[in-house]
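Written as structure tokens, this is what we have:
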């Protein structure tokens with residue numbers, strides 16, 4: 084069954100506690116399952132390496148081209164990967180992310196920082212001006 088608003092399967096557009104089309108869930112409509120599996124596997128790998136090396140595991144940082152950084156939490160389960168926390172909400176607000184936007188997340192090389200970018204209609208979005 085698919086969402087009437089975004090046409091994605093309910094598992095993609097729906098947060099367990101939230102309404103359908105929760106903005107923090109659908110990053111892309113293409114290869115969604117593979118994307119969350121890669122992100123989840125990467126997170127599990129980083130946590131495993133940190134545990135073996137007896138190092139603390141910090142929260143991931145989303146960094147943008149505009150040199151803005153957002154500390155987020157990423158929970159990975161068998162059926163979904165959830166990005167949340169105050170930093171994620173700040174990112175969504177500052178970039179005015181809305182349904183249909185593409186949020187690209189590039190995996191880092193082990194430093195816990197992810198490069199993120201938002202596109203709307205094929206155009207890279209900039210953060211809203213400070214008030």
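Residue numbers (the working numbering): 84 to 214.
Idealized CB from N, CA, C, for every residue including glycine.
Please read all numbers here as calculations on a predicted model, not as lab measurements.
Can you tell me whether residue 212 is helix, strand or coil according to DSSP?
coil
Residue environment, residue 208, which counts as buried when at least 16 other CB atoms sit within 10 Å
buried
Considering only the beta carbon of each residue, do residue 154 and residue 177 sit closer than 8 angstroms?
no
Could you check what DSSP says for residue 199 in three-state terms: helix, strand or coil?
strand
Which residue's Cα is closest to the Cα of residue 125: 151, 158 and 149?
158
So which of 199, 190 and 204 has the shortest CA-CA distance to residue 127?
Distance from the Cα of residue 127 is smallest, within the candidate group 199, 190 and 204, for 190.
Where residue 178 falls: helix, strand or coil (DSSP)
coil
What residues match up with residue 153 in a beta bridge as DSSP calls it?
145
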